[in-house]
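S.K.: In my numbering, the protein residues as written are 1 to 629.
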Ligand SMILES: Cc1cc2nc3c(=O)[nH]c(=O)nc-3n(C[C@H](O)[C@H](O)[C@H](O)COP(=O)(O)OP(=O)(O)OC[C@H]3O[C@@H](n4cnc5c(N)ncnc54)[C@H](O)[C@@H]3O)c2cc1C
């Protein structure tokens, strides 16, 4: 529980921030238009700034399919493969890797993805700042999971040259957020708390001890200290098992308000505490699940280690095992995606070890070469996947859109490693119960934004590297973790250019988790890049302005990674029935369908890289172990 940073730590807080005083001139157009990079970077998506992730142009066809659009008869490409993989995220890439390794080394494989870059959420963002390459993760942050990586997932990483324990031991990748003494700050915004005020931790002293100037009542300050460090058993007299069951039936918000009886201002401080892990606030997460990820208030409640069935997979895993090893590459798990692509299509990048891979530039023109055994086709939304009719010489047929026109490709096998909730539209002939289960797999929307700054002086002056902003548009703001590997190194002084990450999870307090996800997704897709830019400038100006930060001068580029379909859905005991594992929607939904099997982290019921890999393995095994393969 005292581990320094995980996916869940990087983002906290939410509520709408009003328009502020920082609405100065927006970035020069070249720095903000989507696909802004020109010249040498024109064909190189990692360097593109503006609205990225699910960028405009990548998702509209899929939504049209959902809304009943019919396309003309597909043109037959004449292409046939051993395997077609729909979705070139980590699961799809791993499926291609496993299939090739197990079926036969020369297997012909086609990967199709609707995005303009590969990796799915494991997206790499590049910036050239001050004459140096700066890398950031556009999504999947790090190797870190609630349970140890399986032999399959760990084995794949090792085969790719990613020996996690060895890399950790080598110390090339220091603890994330070591920079600036890893100090955290809490930003109280005027819309929520009455006055803008940043409160920083000081050496060995948590922010909760530095609340003298915070715009909070004396009662709220005392309550915060009690929750963070107090020794109160709020359910004295009950056994650990009774307490756990009770806490699994109430939200963390209800626990704080009704059981710990904190002041209402304290609820506003904690409201966004769970957003990094679940994308929703403390009203939609159980108190027990919060205990499982190390939230405060439970320290004197004598809750015994271990999971119970009424826990989501993330807290259950951490409570039971303490979690996996942890490693962050400069581009997050983009390095894993790149290692997989280079292994499958060696022509895209020079050979070399994993450190060399981090800085190597991929040649995107080599991803889809005629004659290559493995081809990766971007900007290709799949609209149909079916088992082929007898006599066609193939067993699966897939239709995708090439520049808006439907094209048919054939294969012996197909793995759907795409978002599982789209599968009923791709395969309308699936059994009704399976389609119903797939429809239930509502993903969590998230935004990970990388902002390039001229320097980090304001952070340095304020003594913070991570700021939680529970009432702001972006609830988590932090300096890009400094990672040194091979020839790549992070900034060495606050005077150098740096990246700042800003996170937002749109949602709607008070609804069920999935209703919040749907509302957040709709909001996200309706939000322009200009709105993001304005909110970023306003928020950074208000948080860092007292230290001399000037958004107009200090922000040099912005990449908004928008993920309307982000985290895979995980079991939430507050809103879902406690079903036996075999009856859970992700299990019912992933059943093989003839020559089509289903991967993606969605089908593992947990939003993690190792889950995406394990599900790829299962999906490939289902195809290869079947007599018809
Ligand atoms: C912001 C963010 C941060 C995260 N951080 C972490 C982390 O630190 N550690 C961790 O372990 N996990 C993290 N995750 C979870 C992450 O989702 C998984 O680790 C993993 O990257 C998921 O891989 P996947 O292949 O299952 O899915 P995806 O990455 O979603 O890949 C699926 C691909 O299929 C494509 N697709 C969908 N429909 C179609 C279609 N019809 N036609 C063609 N292509 C289609 C999608 O566009 C996508 O590119 C994070 C997720 C997000 C969104």
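Don't be surprised by glycine CBs; every beta carbon is placed ideally from N, CA and C. Since the model is a prediction, treat every value here as computed from it, not as a measurement.
1) Using 8 Å as the cut-off, can you tell me whether the segment 561 to 579 makes contact with the segment 470 to 478, which would need three or more C-beta pairs spanning the two stretches below that distance?
2) When you compare the segment 112 to 132 with the segment 556 to 565, are there three or more beta-carbon pairs, one atom per stretch, that lie closer than 8 Å?
3) Output the boundary residues of the beta strand (DSSP E) element that contains residue 53.
4) Quick check: the Cα distance between residue 565 and residue 347, rounded to an integer number of angstroms?
5) CB-CB under 6 Å to residue 447, same chain, minus the five flanking residues each way: which ones, in chain order?
6) Which of the three DSSP states, helix, strand or coil, is assigned to residue 34?
7) Over what stretch of residues does the beta strand (DSSP E) that includes residue 442 continue unbroken?
8) Return the first residue and the last residue of the beta strand (DSSP E) that residue 76 is part of.
9) Within 8 Å of any Cβ in chain B, is that where the Cβ of residue 150 sits?
10) Touching or not, the segment 204 to 217 and the segment 486 to 500, by the rule of three or more beta carbon pairs under 8 Å?
11) Mind listing, in chain order, the continuous alpha helix (DSSP H) runs of no fewer than 4 residues lying wholly within the segment 246 to 312?
12) Going by DSSP, what residues sit across from residue 137 in a beta bridge?
13) Label residue 142 either buried or exposed according to how many other C-beta atoms from any shown protein chain fall within 10 Å of its C-beta, with 16 as the threshold for buried.
14) Quick check on DSSP: helix, strand or coil for residue 623?
15) Note down the Cα distance separating residue 613 from residue 625, rounded to an integer number of angstroms.
16) Since residue 343 is in the alpha helix (DSSP H), which residue starts that stretch and which ends it?
17) Among the candidates 439, 66, 374, whose CA atom is the shortest distance from the CA of residue 411?
18) How is residue 202 classed by DSSP in three states: helix, strand or coil?
19) So does residue 234 have its beta carbon nearer than 7 Å to some heavy atom of ligand 1?
20) Determine the DSSP secondary structure at residue 597, reduced to helix, strand or coil.
21) Please determine if the segment 378 to 387 and the segment 585 to 605 are in contact, where contact requires at least 3 C-beta pairs separated by less than 8 Å.
22) Is residue 307 buried or exposed, if buried means 16 or more other CB atoms sit within 10 Å of its CB?
23) Going by the C-beta, is residue 571 closer than 7 Å to any heavy atom of ligand 1?
24) Would you call the segment 327 to 347 and the segment 356 to 367 touching, i.e. three or more CB-CB distances under 8 Å?
25) Closer than 7 Å: is that where the CB of residue 77 sits relative to any heavy atom of ligand 1?
26) Three or more beta-carbon pairs under 8 Å between the segment 227 to 238 and the segment 577 to 585, yes or no?
27) So, under 8 Å CB-CB, residue 406 and residue 72 are touching, yes? Tell me the CB distance rounded to an integer number of Å.
28) With a threshold of 7 Å (Cβ to nearest heavy atom), would residue 97 be considered close to ligand 1?
29) Taking only runs that begin and end inside the segment 378 to 449, name each unbroken alpha helix (DSSP H) of 4 or more residues, in chain order.
30) For the candidate residues 50, 335, 216, whose alpha-carbon lies nearest to that of residue 190?
31) Quick one: which unbroken alpha helix (DSSP H) runs of 4-plus residues sit fully inside the segment 453 to 521? Chain order, please.
32) Thinking residue 326 and residue 144 are a contact (beta carbons under 8 Å), I'd like their distance in whole angstroms, please.
33) Out of 436, 114, 507, state which residue places its alpha-carbon closest to the alpha-carbon of residue 516.
34) Which residue's Cα is closest to the Cα of residue 334: 57, 78, 123?
35) Could you give the distance in angstroms between the alpha-carbon of residue 310 and the alpha-carbon of residue 512?
36) Taking residue 222 as the reference, which of 261, 194, 185, 250 has the closest Cα?
M.R.: Per the coordinate set shown:
1) Three or more Cβ pairs closer than 8 Å define a contact, and the segment 561 to 579 falls short of that threshold against the segment 470 to 478.
2) Taking a cut-off of 8 Å for Cβ pairs, the segment 112 to 132 and the segment 556 to 565 touch, as three or more such pairs fall below it.
3) It spans 50 to 53 - the beta strand (DSSP E) in which residue 53 sits, taken as one unbroken run.
4) Looking at the two C-alpha atoms, the distance is approximately 31 Å.
5) Answer for residue 447: 504, 562, listed in chain order.
6) With a pLDDT of 43 at residue 34, under the threshold of 50, the modelled position of that residue is not reliable, and the figure given next carries that caveat. Note: residue 34 maps to coil in three-state DSSP.
7) Neither: residue 442 is in no beta strand (DSSP E) and is coded neither H nor E.
8) Judged by DSSP secondary structure, residue 76 falls within the beta strand (DSSP E) whose first and last residues are 75 to 86.
9) In the structure shown, chain B does not exist; there is a single protein chain.
10) With the cut-off at 8 Å, the segment 204 to 217 and the segment 486 to 500 do not touch.
11) With a minimum length of 4 residues, the continuous alpha helix (DSSP H) runs that stay inside the segment 246 to 312 are 264 to 270, 275 to 278, 287 to 292.
12) For residue 137, the beta-bridge partners assigned by DSSP are 124.
13) Answer is buried; the Cβ neighbour count reaches 16.
14) Note: residue 623 maps to helix in three-state DSSP.
15) Answer to the nearest angstrom: the Cα atoms are 18 Å apart.
16) Taken as a continuous stretch (DSSP letters only), the alpha helix (DSSP H) holding residue 343 covers 334 to 344.
17) Cα-wise, what sits closest to residue 411 is 374.
18) For residue 202, the secondary structure class from DSSP, reduced to helix, strand or coil, is strand.
19) Judged by the Cβ position, residue 234 fails to qualify as a neighbour of ligand 1 at the 7 Å threshold, every heavy atom of the ligand being at least this far.
20) Strand at residue 597.
21) At 8 Å Cβ cutoff, the stretches touch.
22) Buried is the call here.
23) Checking the Cβ of residue 571 against ligand 1 gives no.
24) Contact between the segment 327 to 347 and the segment 356 to 367 is present, because at least three Cβ pairs lie under 8 Å.
25) Answer for residue 77: no, Cβ out of range of ligand 1.
26) Contact fails: fewer than three Cβ-Cβ distances are below 8 Å.
27) Confirmed, Cβ separation roughly 7 Å.
28) No - ligand 1 has no heavy atom lying nearer than 7 Å to the Cβ of residue 97.
29) Runs of the alpha helix (DSSP H) inside the segment 378 to 449: 423 to 426, 432 to 439.
30) Comparing Cα-Cα distances from residue 190 to each of 50, 335, 216, the minimum goes to 216.
31) For the segment 453 to 521, whole alpha helix (DSSP H) runs of length 4 or above, ordered along the chain, are 457 to 462.
32) The beta carbons of residue 326 and residue 144 sit about 4 Å from each other, so the pair counts as a contact at 8 Å.
33) Among 436, 114, 507, the Cα nearest to that of residue 516 is on 507.
34) Among 57, 78, 123, the Cα nearest to that of residue 334 belongs to 123.
35) Rounded to the nearest angstrom, the two C-alpha atoms are 17 Å apart.
36) Nearest option by C-alpha distance: 261.
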